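In the UniProt record's numbering, the protein residues as written are 1 to 342.
Quick reminder that beta carbons are idealized off the backbone N, C-alpha and C, glycines included.
What you are looking at is a predicted structure, and each value in this text was computed from that prediction instead of being measured.
Report on the following structure.
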């Protein structure tokens, strides 16, 4: 876990939790030894400062927001219809930790004046986590830290949150129209969408979706209205609803009157939306798989030969079947082993 902390976001939260669980023993360990290595001396200096634990607690309280969005981006099944809503929610949650509620109400993400000091909460009201605030107050009351150090921490926490919001707004595709229109494939959001969301993909992918004629678009509109009015049973846990299976079944529904596909056009549009990648996680997995197989000792694997065959097998998930020993064989083996030990 510690090995991959610098390159894997999902390891960071776990590593911080692990450090906090062992914080007391680690502090005693580093203080008890007298090593002269620069790296060791830096660790001794860090664990000697009471505020180190406070900073770790702050990260422990803040990182789950990043991990939640990262898990969505790492997900293998299609999630492009959730991306815009989750990205917006991520930015709003970050802003809510250091901004006044009135400065957020009724505003779009790009219209939030998050850098304006008048819209920011005072240091003592920043949402840095309950345990973080309690530990900070305890250290202050015990005299382990000064009010100036408390103010310094609050300024650092505010700067971190402001920078995180700035980075998110600049890097996340919050203005991408495709992500906004893709929400119509989500059954739970279908009543909030309109037929223009489906027609957006017809206009953008004209070669793949030949529904440009007025009569074809009228039929898409009819199918969309029927889709919105459908009574679709949902599982007890809505998060387990499989959108891909739903649209697969929609493509096979036929009209009772004409025996033609009832949602043929709309299901084709939805199928195109669902195959669009919502992140580059799949590409990263492929590169990682190539790196694990093509090493320094095996650097001559041909792309159209051995390497492609290995990749095909691994990506198909063909795992070897484990041999299960029969019960009589296990009993005989145990008996022989027992006799041998005597």
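If I measure Cβ to Cβ from residue i and keep anything under 8 Å in the same chain, skipping five residues before and after, which residues do I get?
i           : result
residue 1   : With a pLDDT of only 46 at residue 1, under 50, the local geometry of the prediction cannot be trusted, and the value read off the model is given with reservation. So the qualifying residues of the chain are 11, 14, 15, 18.
residue 187 : 232, 234, 241, 243, 246
residue 63  : 12, 13, 16
residue 158 : 98, 120, 123, 126
Nearest to residue i by CA position, among the options, is which residue?
i           : options            : result
residue 265 : 216, 26, 197       : 216
residue 76  : 310, 327, 275, 334 : 275
residue 133 : 224, 282, 340, 56  : 56
residue 173 : 291, 86, 185       : 86
residue 79  : 330, 49, 178       : 178
residue 198 : 185, 249, 176      : 185
residue 249 : 28, 170, 227       : 227
residue 169 : 238, 139, 111, 146 : 111
residue 58  : 130, 310, 82, 31   : 130
residue 189 : 163, 211, 229      : 229
residue 83  : 277, 191, 39       : 277
So, residue i versus residue j, is the Cβ gap smaller than 8 Å?
i           : j           : result
residue 343 : residue 251 : There is no way to answer for residue 343, as the model of the chain reaches only from 1 to 342.
residue 121 : residue 89  : no
residue 51  : residue 153 : yes
residue 281 : residue 69  : no
residue 148 : residue 123 : no
residue 183 : residue 81  : yes
residue 289 : residue 256 : no
residue 135 : residue 54  : yes
residue 26  : residue 60  : no
Express the C-alpha separation of residue j and residue i in angstroms, rounding to a whole number.
i           : j           : result
residue 181 : residue 269 : 12 Å
residue 34  : residue 128 : 34 Å
residue 115 : residue 93  : 15 Å
residue 117 : residue 306 : 60 Å
residue 341 : residue 335 : 10 Å
residue 272 : residue 292 : 32 Å
residue 205 : residue 43  : 56 Å
residue 22  : residue 29  : 11 Å
residue 286 : residue 309 : 13 Å
residue 312 : residue 166 : 41 Å
residue 223 : residue 212 : 15 Å
residue 105 : residue 113 : 12 Å
residue 253 : residue 225 : 15 Å
If we cut at 8 Å on Cβ distances, does residue i have a partner in chain B?
i          : result
residue 36 : Included in the structure is just one protein chain, with no chain B present.
Within its chain, find whatever has a CB closer than 7 Å to the CB of residue i; leave out the 5 residues flanking it on each side and keep chain order.
i           : result
residue 221 : 195
residue 208 : 272
residue 324 : none
residue 193 : 183, 184
Once the 5 residues before and after residue i are set aside, which same chain residues still bring their CB inside 6 Å of it?
i           : result
residue 164 : 94
Ignoring anything shorter than 4 residues, give me the alpha helix (DSSP H) runs that lie fully in the region 106-138, in order along the chain.
none
Please give me, in chain order, every unbroken run of the alpha helix (DSSP H) with length at least 4 that falls completely inside the UniProt domain "HAT C-terminal dimerisation" (233-302).
243-250, 264-275, 281-293
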